[in-house]
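Here's the structure, in structure tokens; my notes come after.
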Amino acid sequence: MTLMKSLLAATAVLALTAGAAQAKQLVYCSEASPAHFDPGPLTGGNDFDASSHTIYDRLVQFEPGGTATIPGLAESWDISEDGKEITFHLRPGVKFHTTSYFTPTRDLNADDVIFSFERQWKEDNAWYAYLEGMTWDYFQGMDMARYIQEIRKDDDLTVTFVLTEPNAPMIANLAMDFAAIVSKEYADQLEASGDLASFSTQPVGTGPFMLVDYQLDTVIRYQAFPDYWDGKQPIDDLVFAITTDPSVRAQRLLAGECDIMSYPAPADIAQLQADQNLTVMEQEGLNIGYMSYNVTEAPFDNVNVRKALSMAIDKAAIIEAVYQGAGEDAKNLIPPTMWSYNDAVAADVYDPEKAKELLAEAGVTNLTTDLWAMPVSRPYNPNAQRVAELIQADWAAVGVTANIVTYEWTEYRERGKAEDRKGPFQIGWTGDNGDPDNFFATLFSCSAIGVSNYSSWCNEEFEDLIQKAKTTSDQEERAELYRQAQEIFKAEEPAMTLAHSRVFMPMKKTVLNYKMSPLGNHSFKGVDIEE
Amino acid sequence: MSQLQATPVADKADLGASLREFWHYFSVNRGAVIGLVVFTLLVLVAIFAPLIAPHSPDQQFRDAILTPPVWDAMGDPRFLLGTDPVGRDVLSRLIHGARYSLFIGLFVVVGALFVGVILGVLAGYFGGWVDALIMRVMDIILAFPSLLLALVLVAILGPGLFNAMVAIAVVLQPHFARLVRAAVMAEKNREYVTAAKMSGAGHLRLMLVTILPNCLGPLIVQATLSFSNAILDAAALGFLGMGAQPPTPEWGTMLATAREFILRAPWVVTFPGLAILITVLAINLIGDGMRDALDPKLKRS
Amino acid sequence: MLNFILRRLALIVPTVIGITLCAFFFVRVLPGDPILAMAGQHGVTPERYEILREQFGYNLPLWQQYFNYLGNVLQGNFGVSLATKRPVITEFMTLFPATIELALVAMIFAVVVGIPAGIFAAVKRGSWFDQLTMGVALTGYSMPIFWWGLLLIIFFSGYLGWTPVSGRIALTFFLRPITGFMLIDTLLYGNWPAFVSALRHLILPAVVLGTIPLAVIARQTRSAMLEVLGEDYVRTARAKGLSARRVVNVHALRNALIPVITTIGLQVGLLLGGAILTETIFSWPGIGKWMIDSISKRDYVVVQSGLLLIALIVMAVNLAVDVLYAVINPRIRVK
Chain R
378 MTLMKSLLAA TAVLALTAGA AQAKQLVYCS EASPAHFDPG PLTGGNDFDA
428 SSHTIYDRLV QFEPGGTATI PGLAESWDIS EDGKEITFHL RPGVKFHTTS
478 YFTPTRDLNA DDVIFSFERQ WKEDNAWYAY LEGMTWDYFQ GMDMARYIQE
528 IRKDDDLTVT FVLTEPNAPM IANLAMDFAA IVSKEYADQL EASGDLASFS
578 TQPVGTGPFM LVDYQLDTVI RYQAFPDYWD GKQPIDDLVF AITTDPSVRA
628 QRLLAGECDI MSYPAPADIA QLQADQNLTV MEQEGLNIGY MSYNVTEAPF
678 DNVNVRKALS MAIDKAAIIE AVYQGAGEDA KNLIPPTMWS YNDAVAADVY
728 DPEKAKELLA EAGVTNLTTD LWAMPVSRPY NPNAQRVAEL IQADWAAVGV
778 TANIVTYEWT EYRERGKAED RKGPFQIGWT GDNGDPDNFF ATLFSCSAIG
828 VSNYSSWCNE EFEDLIQKAK TTSDQEERAE LYRQAQEIFK AEEPAMTLAH
878 SRVFMPMKKT VLNYKMSPLG NHSFKGVDIE E
Chain P
193 MSQLQATPVA DKADLGASLR EFWHYFSVNR GAVIGLVVFT LLVLVAIFAP
243 LIAPHSPDQQ FRDAILTPPV WDAMGDPRFL LGTDPVGRDV LSRLIHGARY
293 SLFIGLFVVV GALFVGVILG VLAGYFGGWV DALIMRVMDI ILAFPSLLLA
343 LVLVAILGPG LFNAMVAIAV VLQPHFARLV RAAVMAEKNR EYVTAAKMSG
393 AGHLRLMLVT ILPNCLGPLI VQATLSFSNA ILDAAALGFL GMGAQPPTPE
443 WGTMLATARE FILRAPWVVT FPGLAILITV LAINLIGDGM RDALDPKLKR
493 S
Chain W
9 MLNFILRRLA LIVPTVIGIT LCAFFFVRVL PGDPILAMAG QHGVTPERYE
59 ILREQFGYNL PLWQQYFNYL GNVLQGNFGV SLATKRPVIT EFMTLFPATI
109 ELALVAMIFA VVVGIPAGIF AAVKRGSWFD QLTMGVALTG YSMPIFWWGL
159 LLIIFFSGYL GWTPVSGRIA LTFFLRPITG FMLIDTLLYG NWPAFVSALR
209 HLILPAVVLG TIPLAVIARQ TRSAMLEVLG EDYVRTARAK GLSARRVVNV
259 HALRNALIPV ITTIGLQVGL LLGGAILTET IFSWPGIGKW MIDSISKRDY
309 VVVQSGLLLI ALIVMAVNLA VDVLYAVINP RIRVK
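Protein chains in written order, with the working numbering: chain R, 378 to 908; chain P, 193 to 493; chain W, 9 to 343.
What follows is the structure in structure tokens.
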């Protein structure tokens with residue numbers, strides 16, 4: 378016991394002296410290790426937090442705490458009359474990081490921008506497959522190659538994106554993480570030395586922080602970039618303490634081992650809120666948790682059966698038990714914070730009696746079905762297994778027997794895509810760029826069948842509306858089209874929209890100016906810490 | 193282990209006598225008797241679970257989510273040990289969970305025993321390349337840490353209780369095979385075996401009827417140990433999300449799914465763990481008692 | 009002696025081949041497609057899929073893939089992680105010291121507490137101390153350690169605040185790894201407070217991981233000691249009027265420890281298995297957590313080579329224990 382006390386005293390003294398002598402340090406307890414530090418091919422939010430939002434910048438960025446696009450490395454941009462050319466004017470004098478492995482000789486220019494995209498696009502580019510077995514997931518997944526015809530250098534600081542057709546969401550797409558601007562000069566240097574793989578482990582960007590050290594699965598250390606174009610950051614050192622278990626993260630925050638943490642378990646939020654040293658910021662998440670019916674499979678091809686099954690589910694109980702209050706009943710596919718949200722759509726009602734009637738009318742008796750539950754926790758659905766257990770009990774009350782099935786996460790999505798999948802399928806989505814197209818077209822367009830349209834639902838009317846909205850540039854016109862689309866969606870019930878979750882960000886009271894992003898990323902640009 | 197050897201079994205009267213002797217030594221061991229009592233209670237609880245449990249293990253009381261145990265000020269007399277995150281009675285789930293745990297233990301032990309004994313007898317009796325082949329395979333299985341191997345096997349077979357049991361049986365059976373092989377090798381050149389051989393007994397008869405019953409002592413002890421190991425491993429797999437899948441009231445799975453509530457609702461985590469501990473401890477106490485009762489050296493002192 | 013070692017080595021060769029076969033085929037029958045696992049949410053185009061299949065040799069017959077794999081492994085090439093694209097062997101070498109450090113400290117804890125407890129229990133056979141120790145030991149032996157770890161975190165880190173929650177060292181210390189062993193590195197840097205911090209971070213995980221070995225060692229020591237104390241030469245020594253302490257120290261202990269050493273050696277596989285659970289609970293960056301993460305991420309290459317490397321290490325340790333046992337106990341060599 379005495380030993381323990383003296384050990385404690387020793388570390389306490391040390392912590393004090395170290396704190397006084399040291400530069401301002403912010404410790405962030407993050408939820409997972411990044412695969413590496415090149416945001417181009419990556420897909421995970423944790424990957425982007427560790428690379429795109431610290432080390433890199435994009436031509437346009439999302440405003441801190443919002444989804445509106447603001448100038449980034451491009452000071453301004455013009456869109457041509459026909460909507461097919463976007464010309465970006467680059468910010469002059471933007472410096473790349475000087476590190477132990479690279480010293481830049483020039484500022485950012487058009488070549489860097491072109492290289493950043495062509496490496497993801499042109500198969501003959503030396504960097505197209507610079508890591509074993511890599512794919513440019515976002516660039517390909519968003520079909521960028523179909524929409525971009527050419528990226529043209531007009532002069533050193535002017536770049537024009539020539540599009541194949543007008544594309545309203547393009548600017549927002551370019552603010553996404555995969556569109557980070559990398560250094561061509563650094564790439565050339567590595568290419569000359571033959572060590573291409575280092576591009577992903579020893580990154581060079583223009584961003585607010587420089588990578589200092591990464592200890593696998595343990596800790597990432599960054600240092601503020603002194604020559605950052607938007608001014609040096611208020612903090613000097615940024616540390617990501619990788620802690621995969623949410624309860625352990627909460628414990629670490631409570632114990633003062635970190636200053637701020639991501640994704641608290643819903644169960645821990647009350648305790649974190651009660652702690653007088655902590656603030657828990659919260660925000661509507663830009664997400665949707667839903668359950669897709671396969672509309673090509675009987676009896677789910679009958680809209681009344683789909684409605685009856687949705688009606689039999691006590692959503693309020695699920696939101697209470699699984700989201701623990703940190704969720705909001707979803708009546709539409711998009712969350713209420715997104716423009717074009719249709720508030721006129723009637724909310725779902727819980728009515729087991731009516732559900733029984735509808736099922737009886739449809740001639741469905743003794744229905745036995747699979748009920749799919751994701752094996753992982755996602756912000757839009759913290760515990761799909763528990764949701765499934767609750768739905769199972771609700772359905773049992775209307776005479777429907779559900780067998781819960783689950784698979785490993787990749788396998789789960791693969792099997793879910795199959796057009797002959799049996800049974801309703803839980804899934805969800807977190808917005809990438811704040812554009813409604815990113816929800817409607819990605820999740821329920823006809824071309825997404827077999828990709829991410831888990832309902833295999835192809836409704837002509839709905840499809841016309843969302844395709845028209847995509848090529849229209851006037852936002853109010855687009856909003857009206859999407860509002861109509863939401864009404865069709867509700868009338869057809871291809872999926873039961875379950876909830877939009879609230880996102881929480883607990884931190885010490887000493888953390889200043891942190892802004893939560895509705896897109897779910899964690900950026901520490903502009904954050905300060907009170908000493 | 194090597195000092196364990198029972199005398200050749202002869203007729204039924206002898207068997208009765210040795211059982212009485214076994215019980216005599218076993219009952220002297222206070223811990224073993226306590227273990228046996230607890231275990232018997234558990235078996236009864238498992239058998240009569242639907243009668244004993246105050247509620248159905250799957251019934252969700254939506255108005256009583258995460259109710260603390262009854263002794264807490266916030267407790268509800270309907271739920272002695274509180275409720276879980278979807279409002280199911282923890283006590284009822286624990287009671288039904290006893291069925292799973294005991295079944296897992298039984299299944300794994302029977303499976304591992306069956307396969308292990310066959311392989312061990314074959315290897316020990318025939319020797320030569322049969323022995324070499326079987327034993328190398330056992331070496332390979334034993335070279336992997338058992339939990340890791342079980343995890344990979346479950347990943348291959350797909351998560352679920354049955355697959356988890358199969359995987360655990362696979363990783364536990366080499367211990368039986370090794371034990372039986374050693375015993376068979378020790379026995380096969382003894383007089384009574386030679387005598388049986390002379391009188392024209394076939395391989396099968398020699399292996400199963402003549403030699404095997406004389407290796408029973410160590411086998412029983414190993415089986416008891418494996419019983420408790422199987423329960424622990426299945427719970428560990430459940431904890432890692434690879435064992436029984438929710439809403440099965442298996443104890444390890446209950447613990448895993450409730451883990452996030454460890455601060456807010458400690459009872460949903462504490463009781464399943466305690467149930468595992470008590471069960472495993474009871475079985476290990478019995479195992480200790482049996483080993484002592486079957487071990488001639490300890491009898492002497 | 010040399011003969012004995014050679015014979016043991018010859019026995020190992022088929023086992024090692026078998027292990028490579030297992031590691032290879034286990035992973036090949038894992039559900040899911042490695043190419044799809046490599047690609048992200050959006051999947052890959054059919055053309056790209058074919059290119060990747062060829063690039064990774066997944067289009068070849070299975071036996072040919074096996075021999076390619078074996079050839080690579082013999083050259084020290086264990087493949088590249090699908091998730092991070094880093095060589096598996098590099099990741100293994102980075103994370104392995106953390107596991108070794110944890111396992112060694114756990115073992116030291118088990119030995120330092122377990123052996124004296126076992127000896128004392130044997131000497132005072134039947135006393136309350138004996139009964140208590142053996143009761144505690146059996147409880148430890150029956151412990152679901154994942155649960156035990158959670159309880160300890162809640163009590164010592166959460167409630168009392170005595171120990172850190174997670175990690176290997178306080179984040180205020182930034183030491184680039186030299187050996188990868190935090191306790192050694194901090195000493196090499198001459199940073200005493202960092203050493204203390206590393207030690208504090210080790211306490212809980214080591215206690216959790218050491219619980220079962222501690223129980224096994226205490227029980228084994230006690231029974232080995234009882235056996236030796238019953239031997240004729242010890243009785244003679246006693247009869248000659250040697251003090252109890254001298255009998256225990258000089259005569260009994262040395263002989264009793266032989267089986268205990270074997271027991272310790274045999275705990276290595278168990279420790280690595282236990283490390284999976286302990287590292288998961290404490291977010292300890294070692295190979296146990298790495299393996300379980302890779303299994304759940306379907307990082308086939310890591311699972312394959314990780315299994316192989318771990319099995320080889322367990323075998324090497326078992327071999328070393330056998331040899332050591334033969335050295336201290338010559339009788340075994342004749343067998």
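Quick reminder that beta carbons are idealized off the backbone N, C-alpha and C, glycines included.
Measuring straight from C-alpha to C-alpha, what distance separates residue i and residue j?
i        : j        : result
SER575/R : ASP554/R : 20 Å
TYR507/R : SER89/W  : 14 Å
ALA627/R : ILE289/W : 14 Å
GLU452/P : PHE494/R : 42 Å
LEU210/W : LEU419/R : 34 Å
TYR859/R : ILE843/R : 7 Å
THR28/W  : PHE75/W  : 10 Å
GLY479/P : VAL225/P : 11 Å
GLU542/R : LYS461/R : 6 Å
ASP841/R : ALA862/R : 9 Å
TYR727/R : THR444/R : 33 Å
LEU316/P : GLU235/W : Looking at the sequence itself, residue 316/P is Gly, so the reference to Leu does not match. For GLY316/P and GLU235/W, the distance between alpha carbons rounds to 29 Å.
ILE162/W : ARG280/P : 24 Å
ALA393/P : GLY297/P : 36 Å
ASN423/R : ALA264/W : 54 Å
LEU317/W : PRO871/R : 49 Å
PRO623/R : GLU408/R : 7 Å
MET357/P : PHE32/W  : 23 Å
Quick check on the burial criterion: 16 or more other C-beta atoms within 10 angstroms. Buried or exposed for residue i?
i        : result
ILE186/W : exposed
MET873/R : buried
MET101/W : exposed
ASP572/R : exposed
GLY320/P : exposed
TYR718/R : buried
PRO242/P : exposed
For my contact list, residue i and residue j are in at a C-beta cut-off of 8 Å; report their separation, rounded to the angstrom.
i        : j        : result
ALA178/W : SER135/W : Wrong, their Cβ atoms sit about 43 Å apart, outside the cutoff.
LEU593/R : GLU55/W  : With a Cβ gap of about 34 Å, LEU593/R and GLU55/W do not count as contacting.
GLN660/R : ALA552/R : Not confirmed; about 19 Å, so no contact.
HIS474/R : MET587/R : 5 Å
Identify the contact partners of residue i in chain A, using a Cβ-Cβ distance below 7 Å as the criterion.
i        : result
GLU659/R : The chain inventory of the structure shown lacks chain A, comprising the protein chains R, P and W.
- Message: Taking beta-carbon pairs under 9 Å, can you tell me which members of the segment 590–618 of chain R lie near chain P?
- Response: none
- Item | Short-range partners of chain P found in the segment 138–149 of chain W, where Cβ spacing is below 9 Å | GLN139, MET142, GLY143, LEU146, THR147 and TYR149
- Query: Listed in chain order, which residues of the segment 160–171 of chain W have Cβ atoms closer than 9 Å to some Cβ of chain R?
  - Reply: ILE161, ILE162, SER165, GLY166, GLY169, TRP170 and THR171
- Using Cβ-Cβ distances below 7 Å, what residues of the segment 830–863 of chain R are close to chain W? none
- Message: Can you pull out the residues from the segment 215–248 of chain W whose beta carbon lies closer than 7 Å to at least one beta carbon of chain P?
- Response: GLY238
- Message: I'd like the ranges of any alpha helix (DSSP H) spanning at least 4 consecutive residues and lying wholly in the segment 709–789 of chain R.
- Response: 729–738 and 761–773
- If contact means a Cβ-Cβ distance below 8 Å, which residues of the segment 452–473 of chain P contact chain R? GLU452, PHE453, ILE454, LEU455, ARG456 and ALA457
- Task: Any chance you could list the beta strand (DSSP E) runs of at least 3 consecutive residues sitting entirely within the segment 567–630 of chain R, in chain order?
- Result: 586–592, 596–601 and 614–619
- Near-chain P residues of the segment 747–766 of chain R (beta-carbon distance less than 7 Å), N- to C-terminal order: GLN762, ARG763 and GLU766
- Task: For the segment 201–254 of chain P, list the alpha helix (DSSP H) runs that are entirely contained and at least 4 residues long, ordered along the chain.
- Result: 204–220, 222–239 and 241–244
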